[in-house]
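Undergrad: When the count follows our numbering, it moves up by one through the sequence shown with no breaks and lands on 1237 for the last residue.
Just so it is clear, CB atoms sit at the ideal spot from N, CA and C, and this is done for glycine as well.
A quick note: this is a predicted structure, and the numbers were derived from the prediction, not measured.
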Amino acid sequence: STVLGDSLARVAEFLGHDVIRDNHIGDWGTQFGMVIWGWKNLLKHERLTSDPIAELVRIYKETNARSTADSSVREACRDELVKLQSGDPENFAIWQECVALSQGEFERAYQVLGIRYDIQRGESFYNDRLAAIVERLCASGLAEESEGAICVFFRDIPDLADKPCIIRKRDGGYNYATTDVATVDYRINDLKRDTIWIVTGAPQQLHFRQIFEIARREGYTADFRHITHGSILGEDRKLMKTRSGENVALKDVLDEANVRARKIIEEKSPEMEEAQKAEVARVIGIGAVKYADLSQYRMTDYIFSWDRMLSFQGNTAPYLQNAYVRIQSIFRKGGGQDRDSARITLLDPAEKVLAKRLCQFAEIVPTVLNDFRPNVLSNYLFELANSFHAFYEACPVLKSEEPARSSRLALCELTAQVLRRGLYLLGIEVPEKM
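#1: Mind checking which residues open and close the alpha helix (DSSP H) that includes A980?
#2: Out of curiosity, what's the CA-to-CA distance linking G975 and Y863?
#3: I'd like to check one pair, Q1008 with A980: are the Cβ atoms closer than 8 Å?
#4: On the three-state DSSP scale, how would you describe T765?
#5: Can you tell which of S810, L851, S1210, D983 has its C-alpha closest to the C-alpha of V1168?
#6: Give the straight-line distance between the Cα atoms of L1157 and R919, rounded to the nearest whole angstrom.
#7: May I ask you to report which of helix, strand or coil DSSP gives S949?
#8: Three-state secondary structure (DSSP) at H820?
#9: Which of the three DSSP states, helix, strand or coil, is assigned to C901?
#10: From the DSSP output, in three-state form, read off F956 for me.
#11: Would you mind giving the Cβ-Cβ distance between G925 and H1029, rounded to the nearest angstrom? I have them listed as a contact below 8 Å.
#12: Where does V1002 fall in DSSP's three states?
#13: Between the alpha carbons of L963 and T986, how many angstroms are there, rounded?
#14: By how many angstroms is the C-alpha of A857 removed from the C-alpha of V885?
#15: D882 by DSSP, collapsed to three states: which one?
#16: Compare the Cα-Cα distances from D993 to each of K966, Y929, R850, S1072 and report the closest residue.
#17: Across which residues does DSSP place L1036 in a beta bridge pair?
#18: So R939 is in the alpha helix (DSSP H); what residue range does that whole segment cover?
#19: When you compare only the Cα positions, how much space is there between L1217 and L1161?
#20: In terms of alpha-carbon separation, which member of D1026, N978, Y1094, A1052 lies closest to F909?
#21: Cα separation between F1185 and H848?
#22: In whole angstroms, what is the alpha-carbon distance linking L1172 and R1063?
#23: Once DSSP output is grouped into helix, strand and coil, what is the label at H827?
#24: Do P967 and S943 have their CB atoms nearer than 8 Å?
#25: Evaluate D965 with the Cβ neighbour count: other Cβ atoms within 10 Å of its Cβ, from every protein chain shown; 16 or more gives buried, anything less gives exposed.
#26: Across the region 1077–1097 and the region 1109–1119, are there enough close Cβ pairs to call them in contact, namely three or more that are closer than 8 Å?
#27: Drop a sphere of 10 angstroms on the beta-carbon of L1228, count the other beta-carbons inside from all chains shown, and report buried for 16 or more, exposed for fewer.
#28: Could you tell me which residues DSSP pairs with T1031 in its beta bridges?
#29: Please classify C1162: does DSSP put it in a helix, a strand, or coil?
#30: Identify every residue that forms a DSSP beta bridge with D1026.
#31: Is the separation between the beta-carbon of L1149 and that of L1222 shorter than 8 Å?
#32: According to DSSP, simplified to helix, strand and coil, what is C1215?
#33: Taking the CB atoms as reference points, tell me whether A1025 and T998 lie closer together than 8 Å.
#34: Considering only heavy atoms of the ligand SAH, does any lie closer than 7 Å to the CB of V1056?
#35: Here's the rule: buried if 16 or more other CB atoms are within 10 angstroms of the residue's CB, otherwise exposed. What is Y1195?
#36: Consult DSSP for R850 and reduce its assignment to one of helix, strand or coil.
The following block contains the structure:
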C-alpha cells in the first residue's frame, strides 16, 4: 500500500495537483487490549531490547491464541482495552511505548524505501472526535439504534441492504468505521481536500464503500477513491510466508534485497570502491523490490521471485537502471559536449522509433491516474529501454561523424532524462555506475 500510494502521489504532484500525504497508522483499537495484557503477563524484556517489533508481535499472537481458548483471558483483554480508553495511566504509558517502538521501525523502513509523508494522523488522533461523529449521524437520521449498537443502514442499496455499518458497539465502544468516518470528515473540513484516495488491500472494499456512502449521505461531494491491490505470493502460489509460517517482515525483505544486489555488484564490478558498491547495491535492491510490485496491475496477485526481480534482462528495475547507466557511460567517454542544444536529425529507423517513444512520455504519465495503474508507466519505460538498446546497437554514437554524433548524443540525453524522471515517479533511484 505504501509503495503504491507513494508512486500515485508522485505522479499527481508531477501533474500539478496539490497533494497531502497522510500516513494513517493503526495505533488504536481492540488489538491493544491484547498487546497490553500480553505486555503485563508475557513480556520478556531482554527480547524487547534486542528486537522490539518481534517481541510485540510474539506477545500479541500468544495472547490472541490464549484469548481464543480461554474466555477469562478474552475478558481480561477487554478490561485492559476499556482501561486504556478510559485514560488509565499505566495502560496509557504502555500504549505510548508500544507506539513509539513501532513508529521507530516504520520510520526506518520509510527511510530505506525513500517514502515521505506530509502529516501522520493515526487512529488515536481521532479519539476526541468520535462521540460527536456518532451524535451527528444520529441527529441527522442517518444512524439508528439496532440491538444496542448504533448503525448506519443502506436499505436502498440492494447488495448493502443486509450489511449495516456499525459506528458504535453495544458496549459503547467505537471501532474502525467510526474512526474512518472521522478521518474523511477531517480531510474534507480541516485539510480542505476535494479528492480523497485511500490505498489498502482488496479485503477492505466493503468497509470503505460503506464509509464513502456515509460521507455522500452527509452531503460531502469529494471524489472518493478506494485504491485496492492484490497480494504477494510465494513460489507455491500461496500468500508469502516464512518457512515457519509467519508473515514476512518488510525489514527482512529489504535487507535480503540489499545482500543479493551486493553479490551481483561484486560479480559484475569487483573493481568498484566499497562505498560505491554499498550505495549501488542499495539502489538496485530497493528499486528491484519496488518495481516488482509496481510493474504488475495493482489488483493482480504476483509471485515474489528474487531471481526475476534482480535480473538485468526483462521488465525489471535493474534492466531500466542499466540502460540509464549505459547512457552515463557514453557521456563520460564523450567528454563535456553540450547535449541539450544540439539539433536532432532522425535518419536511421532506430532513431525514429526511439524519438517517437520519447514523445509518448507526456501522454503516458496522465493515464497512470485513470485507473491508478503505475504499471502503465513501468511498461512504457521498459519499451523505452528496449528502443534505446536497439538504437544503441544500430547507431554508433561517439564514433559517428558530425552532425550525427551531436544528434545521437542529444537523443541519449533525452532518453536518460525520461528514464530518470519515470523511475522517480515510481519511487526508484538511478545509479550513475553499476
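TA: Here's the rundown:
#1: 979–992
#2: 24 Å
#3: no
#4: Because residue 765 is not part of the residues shown, which for the chain are 804 to 1237, the question remains open.
#5: S810
#6: 34 Å
#7: strand
#8: coil
#9: helix
#10: coil
#11: Contact doesn't hold; Cβ gap of about 19 Å is too wide.
#12: strand
#13: 22 Å
#14: 25 Å
#15: helix
#16: Y929
#17: L1042, I1106
#18: 933–942
#19: 7 Å
#20: A1052
#21: 49 Å
#22: 33 Å
#23: coil
#24: no
#25: exposed
#26: yes
#27: buried
#28: T1003
#29: helix
#30: T998
#31: no
#32: helix
#33: yes
#34: This structure lacks the ligand SAH; in fact it carries no ligand of any kind.
#35: buried
#36: helix
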